[in-house]
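Enquirer: The structure under discussion is supplied below as structure tokens; questions concerning it will follow.
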């Protein structure tokens, strides 16, 4: 997974616009991808409330809300600003939801999902009113009612580049296009919760990212299938010098990790007095 700064992300979007991709198309793709990620995680329909500001981050949340409703979720909307102050695209996405939309928390079974669409990557500084009030409401519902907070792109109040700031604490963050650098550093990484990515095929690939994070999917192409006549001697040997008084667990972890990474034979070199405590937890040959 690649991480880029907010400025780099805006450059990718501008490159897409020059190729004829519209901002509305990117918003529609982002919102649909966010909804699909949420439905994958919560297959049982529940209740979803979108908390929106007046920018395009809120537009992503509105598109996601529409797709959740089509999947059987009960939905409602809470806005920090009158709709007359919203941007053009968020107002259009609000109209696509229809006229009748309650601002109260829906009643019923299933998970209570709060979509944080208050602020996007261009925001800087602490959350101010009326945004702060809605962020506090989300925190209260999370603590008192077990609501699940899902941030659109990054938690509101967190700097996209540095991860600094105080704002929404999310259970999961669904970042769009390319992950933002602030989601990889403290305190942003703790505010983001679980990080999910919605790739956008219409965005160009970043030429150089500020950070690369290896995920399970990253290793698929590096680990080729093993032959039926595979022998442990065909996959390399590793010698480990590990363990010290009171810290023999480090030796167990290192040896087990080497085996799970695909090493054919792992030899652990330790002081003789550690052998009894290591014999039981070590995997068999």
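In our numbering, the protein residues as written are -15 to 269.
Note that beta-carbon positions come from the ideal geometry of N, C-alpha and C, so glycine has one too.
As the structure is a prediction and not an experimental result, all values here were calculated from the model.
Among -1, 146 and 13, which has the Cα closest to the Cα of residue -12?
Expert: Taking the chain shown and counting its residues from 1, the one referred to as residue -12 is at position 4. Taking only the C-alpha atoms, the option nearest residue -12 is 146.
Enquirer: Among 50, 222 and -7, which residue has its Cα nearest to the Cα of residue 246?
Expert: By 1-based counting over the chain shown, the position of residue 246 is 262. For the residues 50, 222 and -7, the minimum Cα distance to residue 246 belongs to 222.
Enquirer: Using a threshold of 9 Å, state whether the C-beta atoms of residue 115 and residue 64 are closer than that.
Expert: In the chain shown, counting from the first residue as 1, residue 115 sits at position 131. In the chain shown, counting from the first residue as 1, residue 64 sits at position 80. Yes; because the gap between Cβ atoms is below 9 Å, this pair is in contact.
Enquirer: Using a Cβ-Cβ cutoff of less than 6 Å, which residues in the same chain neighbour residue 70 once the five nearest sequence positions on both sides are dropped?
Expert: Position 86 of the chain shown holds residue 70. Correct list, in chain order: 38.
Enquirer: Measure how close the beta-carbons of residue 100 and residue 123 come, nearest whole angstrom, since I'm counting them as under 8 Å.
Expert: As a working mapping, residue 100 is identified with position 116 in the chain shown. As a working mapping, residue 123 is identified with position 139 in the chain shown. That pair is no contact at about 11 Å.
Enquirer: For residue 12, count neighbouring Cβ atoms within 10 angstroms of its own Cβ and tell me buried if that reaches 16, exposed if not.
Expert: The residue you call residue 12 lines up with position 28 of the chain shown. Its Cβ being crowded by 16 or more others within 10 Å, residue 12 is buried.
Enquirer: I'd like the span of the beta strand (DSSP E) that includes residue 251, first residue to last.
Expert: Residue 251 sits at position 267 when you count from the first residue of the chain shown. For residue 251, the uninterrupted beta strand (DSSP E) segment begins and ends at 249 to 253.
Enquirer: In the DSSP assignment, what are the bridge partners of residue 136?
Expert: Here residue 136 corresponds to residue number 152 of the chain shown, with the count starting at 1. In DSSP, residue 136 forms a bridge with 158.
Enquirer: In the DSSP assignment, find the alpha helix (DSSP H) that holds residue 214 and state where it starts and stops.
Expert: Residue mapping note: residue 214 aligns to position 230 of the chain shown, counting from 1. That residue, residue 214, is in no alpha helix (DSSP H); it is neither H nor E in DSSP.
Enquirer: Distance check for residue 243 and residue 210, CA to CA, integer angstroms please.
Expert: Counting from one through the chain shown, the residue named residue 210 turns up at place 226. Counting from one through the chain shown, the residue named residue 243 turns up at place 259. Computed Cα separation, rounded: 15 Å.
Enquirer: The alpha helix (DSSP H) spanning residue 15 covers which residue range?
Expert: Here residue 15 is taken as the residue at index 31 of the chain shown, counted from 1. 7 to 25 is the extent of the alpha helix (DSSP H) around residue 15.
Enquirer: Check whether the segment 86 to 105 and the segment 37 to 57 are in contact - that is, three or more C-beta pairs closer than 8 Å.
Expert: yes
Enquirer: Rounded to whole angstroms, what is the Cα-Cα separation between residue 166 and residue 173?
Expert: Counting from 1 along the chain shown, the entry for residue 166 is found at position 182. Counting from 1 along the chain shown, the entry for residue 173 is found at position 189. Distance between the alpha carbons of residue 166 and residue 173 is about 7 Å.
Enquirer: Since residue 62 sits in a beta bridge, which residues does DSSP pair it with?
Expert: What you label residue 62 is simply residue 78 of the chain shown in a count that begins at 1. Its beta-bridge partners are 35.
Enquirer: Is the closest heavy atom of the ligand SAH to the C-beta of residue 184 under 8 Å?
Expert: Annotation note on the ligand SAH: not contained in the displayed structure, which lists no ligands.
Enquirer: Residue 159 and residue 182: beta carbons closer than 9 Å?
Expert: Counted from its first residue, the chain shown places residue 159 at position 175. Counted from its first residue, the chain shown places residue 182 at position 198. In this structure, residue 159 sits near residue 182, with a CB-CB distance shorter than 9 Å.
Enquirer: Alpha carbon to alpha carbon, what distance is there between residue 213 and residue 169?
Expert: If you number the chain shown from 1, residue 169 lands on position 185. If you number the chain shown from 1, residue 213 lands on position 229. Residue 169 and residue 213 have their C-alpha atoms some 45 Å from each other.
Enquirer: Please report the residue range of the alpha helix (DSSP H) in which residue 47 lies.
Expert: Counting from one through the chain shown, the residue named residue 47 turns up at place 63. That run of the alpha helix (DSSP H) goes 40 to 54.
Enquirer: Between 238, 8, 230 and -9, which lies nearest to residue 224 when the distance is taken from Cα to Cα?
Expert: Here residue 224 refers to the residue found at position 240 of the chain shown. Checked all of 238, 8, 230 and -9; the closest Cα to residue 224 is 238.
Enquirer: Run the CB neighbour count on residue 58, radius 10 Å, all protein chains shown included, and call it buried at 16 or more, exposed below.
Expert: Locating residue 58 in the chain shown gives position 74, where the first residue counts as 1. Answer is buried; the Cβ neighbour count reaches 16.
Enquirer: Excluding the five sequence neighbours on either side, which residues of its own chain have a C-beta within less than 6 Å of the C-beta of residue 25, listed in chain order?
Expert: Counting from one through the chain shown, the residue named residue 25 turns up at place 41. If we look at residue 25 and ignore the five residues flanking it on each side, it has no Cβ neighbours.
Enquirer: Just reading off the beta strand (DSSP E) that residue -13 is part of, what are its end residues?
Expert: The residue given as residue -13 occupies position 3 in the chain shown. Here the beta strand (DSSP E) through residue -13 covers -14 to -12.
Enquirer: What span of residues does the alpha helix (DSSP H) with residue 182 cover, start to end?
Expert: In the chain shown, the residue the question calls residue 182 occupies position 198. From DSSP, residue 182 is part of no alpha helix (DSSP H) but of the beta strand (DSSP E) over 178 to 182.
Enquirer: Can you tell me whether residue -7 is buried or exposed? The criterion is at least 16 other CB atoms within 10 Å of its CB, across all chains shown.
Expert: Translated into positions along the chain shown, residue -7 becomes position 9. Buried is the call here.
Enquirer: Can you give me the C-alpha to C-alpha distance between residue 83 and residue 191, rounded to a whole angstrom?
Expert: On the chain shown, residue 83 is found 99 positions in, with the first residue counted as 1. On the chain shown, residue 191 is found 207 positions in, with the first residue counted as 1. Between residue 83 and residue 191, the C-alpha separation is close to 43 Å.
Enquirer: Whole-angstrom Cβ separation of residue 98 and residue 131, contact assumed at under 8 Å?
Expert: Indexing the chain shown from 1 puts residue 98 at position 114. Indexing the chain shown from 1 puts residue 131 at position 147. About 5 Å separates the two Cβ atoms, so the contact holds.
Enquirer: Please state the DSSP three-state secondary structure of residue 222.
Expert: Translated into the one-based positions of the chain shown, residue 222 becomes position 238. Correct three-state label for residue 222: strand.
Enquirer: Exposed or buried, what is residue 216 when buried is set at 16 or more other beta-carbons lying within 10 Å of its beta-carbon?
Expert: Here residue 216 corresponds to residue number 232 of the chain shown, with the count starting at 1. Flag for residue 216 reads exposed.
Enquirer: CB residue 44 to CB residue 61, shorter than 9 Å?
Expert: Within the chain shown, residue 44 is the residue found at index 60, counting from 1. Within the chain shown, residue 61 is the residue found at index 77, counting from 1. Contact: no.
Enquirer: If I measure Cβ to Cβ from residue 10 and keep anything under 6 Å in the same chain, skipping five residues before and after, which residues do I get?
Expert: Position 26 of the chain shown holds residue 10. If we look at residue 10 and ignore the five residues flanking it on each side, it has no Cβ neighbours.
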